[in-house]
Amino acid sequence: VVRPFNEIPGLWKNGWANLYNFWKLDGFRNLHRLMLQNFNTFGPIYREKIGYYESVNIINPEDAAILFKAEGHYPKRLKVEAWTSYRDYRNRKYGVLLKNGEDWRSNRVILNKEVISLKILENFVPLLDEVGQDFVARVHKKIKRTGQNKWTTDLSQELFKYALESVSSVLYGERLGLMLDYIDPEAQHFIDCITLMFKTTSPMLYIPPALLKQTGSKVWRDHVEAWDGIFNHADRCIQNIYKKLRQDAGTPKKYPGVLASLLMLDKLSIEDIKASVTELMAGGVDTTSITLLWTLYELARHPNLQEELRAEVAAARAESQGDLLEMLKRIPLVKGALKETLRLHPVAVSLQRYITEDIIIQNYHIPAGTLVQLGLYAMGRDPKVFSRPEQYQPSRWLRTETHYFRSLGFGFGPRQCLGRRIAESEMQLFLIHFLENFRVEKQRHVEVQSTFELILLPDKPIILTLKPL
Ligand code: HEM
Ligand code: 2DC
4 VVRPFNEIPG LWKNGWANLY NFWKLDGFRN LHRLMLQNFN TFGPIYREKI
54 GYYESVNIIN PEDAAILFKA EGHYPKRLKV EAWTSYRDYR NRKYGVLLKN
104 GEDWRSNRVI LNKEVISLKI LENFVPLLDE VGQDFVARVH KKIKRTGQNK
154 WTTDLSQELF KYALESVSSV LYGERLGLML DYIDPEAQHF IDCITLMFKT
204 TSPMLYIPPA LLKQTGSKVW RDHVEAWDGI FNHADRCIQN IYKKLRQDAG
254 TPKKYPGVLA SLLMLDKLSI EDIKASVTEL MAGGVDTTSI TLLWTLYELA
304 RHPNLQEELR AEVAAARAES QGDLLEMLKR IPLVKGALKE TLRLHPVAVS
354 LQRYITEDII IQNYHIPAGT LVQLGLYAMG RDPKVFSRPE QYQPSRWLRT
404 ETHYFRSLGF GFGPRQCLGR RIAESEMQLF LIHFLENFRV EKQRHVEVQS
454 TFELILLPDK PIILTLKPL
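The opening residue of the sequence shown carries number 4 in the numbering used here; numbering runs sequentially from there.
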C-alpha cells in the first residue's frame, strides 16, 4: 500500500527550530553536505522544512524521471524571492528566469530559437572560437612575463573575464575586449557584482527579503547594490547595440548577435528583451568559469587523462580540417570530462519543481503543488547511482552503462538551462585551445571542496601551474 505524505521521514514539523539548527551547522555554506547527510540518515526520500522553505527531497534517477513527468506545461522552480523582490523594488521586468506560466512559455519559445537551437550554434561557434584563441594568446603573454616558462596562479579572475567576453560576444555580436591588458573597469565591476549577488542570495533563501529590507539589513542592501551594478552595465551594453542598429538599419551581412536578432525579429517587447538579455549576461559568467576551473583542477590531478584528452583533440583537429562544427563532433571524451565535472561539482546543488499532479515516489504519496527537489550534488556522489563515484572518469560517459536521468547538470525539459548550448560550446572550445597549448599541473596536495554561495564554488583558491607545450 502507498504510504501517506505525512509519513515521509525527515524534519518538517518545526520549521523555525530547523532553521536555528541549520544556522548553527553553518548550513548557508554547507547546504550540499547537509543534503547528503540527510539522505544518509533518512534514505532516498525525505521531507524538510527550514523556516518557510518546505520541500520533499529525492536522489534516485528513476524518481527524477517521475518528478519531471509531473512538471506540467509550465514548469516552475523554487521562487528565489531575493531576485523577485529586487525586480519589484526597482520596478524592473522579470525575464525568462523569473517569469512563470504563459508569460514564461511565450518568451521562452522565442528565446529558444535564438539561444539554444542547434541551428544557431553555427553562428556562435566562430565567435566563441575567437575568444578561445585570444585567451591562450593572453596566457602565453603572461607566461613570457614571468621569465620562468611557466605561470602559477589562481585562474578564476581570468576565467570570469573569458566567460563574460564569450557570452557578450554571442549576445552583442561584438567584443568587449576583456582579453586585453587594460580592461574597462565597468566590466570588472560587473563581474564583482555577480559574485556579490549570488553570495547575498543564499541567506535570503531562508529569511524572507521583505523582513531583511524592513530591518535595513546589510545583506539586502548589498544585494540591491549588486543587482544595480548588474543592470546598469547590461543596460549600457544593450543601449549601445540598440543605437547602432538604428543608425545602420540595412540588413547586416554577418551574424549580429542574440540581442540584435531579437530586436529585429520584433516578437518580444523591448522591455522583455532587455530583461532576458540581462539575465543571460549575468548567468553566463560564474557558471561556465567555475566549471572550467574545476575541470582544470581535475586534469591537473590526472596527468594521464590530460594526455588522453590532448590526443583526442589533436586527432579531431586533424580529421576535421578546419571545420569547427565537425571538430566539436569528434571530442566525446572532452564532453565526458565536462559531464564528469558537473557530476562531482555541479553548479546547482539541486533541481526543483512544483509538481502539478499527485505522484508516488518510493511508495509515498506526494500531493500536487509540493516542491520536490532532486539532490543533484548528492546523486552525483551516490555509489548506487555511479560506480566508484569518488573517481573522476570521463570515460564512464562513453560506455553503454545507463545514462537515464543521470546527466542533469543543466536541468531538464523545457525549463532547462537556456544558456546550455552557449555554455557547452564555450567550454568545449576553451578546453580545445587550452589542451593544444598548455600542460596544467597542480601545486601541493591541497584538497578543494565545495562551498554553497547559491551556486557551488571552490572553498579555497585553486592554484594551478600552466606550462607551454
Ligand atoms: C537555468 C545550470 C550556464 C542562463 C539553469 C538551471 C540550471 C543551470 C541547473 C535550472 C534548470 C532547471 O530548472 O531545469 C547551468 C550550468 C551552466 C550554466 C551548469 C554552465 C556550466 C548558463 C549560461 C547562461 C545561463 C552560460 C547564459 C548564457 C540560464 C537561464 C536559466 C538557467 C536564463 C533560466 C531558464 C528558465 O527559467 O527558463 N542553468 N547553467 N546558464 N540558466 Fe544556466
Ligand atoms: C540554489 O535551494 C539552491 O543557473 C536552492 O544561470 C534552489 C535553487 C533554485 C534556483 C537555482 C539555484 C538553486 C542555483 C542557481 C541557478 C538557480 C536557477 C538558475 C541559476 C541554477 C539550486 C543559474 C546559476 C542561472 C543564474 C542566472 C542569473 C541571472 C542570476
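For glycine and all other residues, C-beta sits at the position ideal for the given N, C-alpha and C.
Bear in mind that the values here come from a model prediction, so they are computed numbers and not experimental data.
query: Distance cut-off 6 Å: Q376 Cβ against heavy atoms of ligand 1; result: no
query: Best match in V352, Q365, R36 for proximity to V5 [C-alpha to C-alpha]; result: Q365
query: Bounding residues of the alpha helix (DSSP H) (the contiguous stretch that carries G383); result: 379–383
query: Short Cβ contact (7 Å threshold) for G287 with V170; result: yes
query: Any non-hydrogen atom of ligand 2 closer than 6 Å to V352 Cβ; result: yes
query: Contact under 7 Å by Cβ, V222 with T203; result: yes
query: C-alpha gap between C196 and L457, whole angstroms; result: 14 Å
query: Reference W26, options P206, R442, E282, closest by Cα; result: P206
query: Close-in-space but distant-in-sequence residues of the same chain around S264 (CB under 7 Å, 5 per side omitted); result: E117
query: Best match in L296, K342, I334, T359 for proximity to T156 [C-alpha to C-alpha]; result: L296
query: Three CB pairs or more closer than 8 Å across the stretch 53–73 and the stretch 375–391; result: yes
query: A285 beta carbon near ligand 2 (any heavy atom closer than 6 Å); result: yes
query: Any non-hydrogen atom of ligand 2 closer than 6 Å to T87 Cβ; result: no
query: Proximity test, A317 beta-carbon vs ligand 1 heavy atom, cut-off 6 Å; result: no
query: I293 Cβ short of 6 Å to ligand 2 heavy atom set; result: no
query: Option nearest K463 by Cα separation, candidates R424, K470, V134, T454; result: T454
query: W1 and L70 closer than 7 Å at C-beta; result: Since the first residue shown for the chain is 4 and the last is 472, residue 1 is missing from the structure and cannot be characterised.
query: Delimiting residues of the alpha helix (DSSP H) encompassing H236; result: 221–250
query: Nearest-angstrom Cα separation, counted from G30 out to P212; result: 18 Å
query: F127 versus R90 - alpha carbon distance; result: 30 Å
query: Residue interval of the beta strand (DSSP E) (run including P471); result: 466–471
query: Same chain, Cβ closer than 7 Å to L472, neighbours up to 5 away in sequence not counted; result: N440, F441, R442
query: G339 beta carbon less than 7 Å from that of P397; result: yes
query: Run of the beta strand (DSSP E) containing V59, from where it starts to where it stops; result: 56–61
query: Three-state secondary structure (DSSP) of L100; result: coil
query: CB of M182 within 7 Å of CB of E161, strictly; result: no
query: Cβ neighbours of K277 in the same chain (closer than 7 Å, five flanking residues each side left out); result: I241
query: Heavy atom of ligand 3 within 6 Å of T290 beta-carbon; result: Among the ligands in the structure shown, ligand 3 does not appear; only ligand 1 and ligand 2 can be found there.
query: Sequence-distant residues of the same chain with beta carbon closer than 7 Å to A229, five excluded per side; result: C196, L199, M200, T203
query: Proximity test, Q419 beta-carbon vs ligand 1 heavy atom, cut-off 6 Å; result: yes
query: Boundaries of the alpha helix (DSSP H) in which Y185 is found, first to last residue; result: Where Y185 is concerned, there is no enclosing alpha helix (DSSP H), given that its DSSP letter is neither H nor E.
query: Completely contained alpha helix (DSSP H) runs for the stretch 252–305, where each covers 4 or more residues; result: 261–268, 273–286, 289–304
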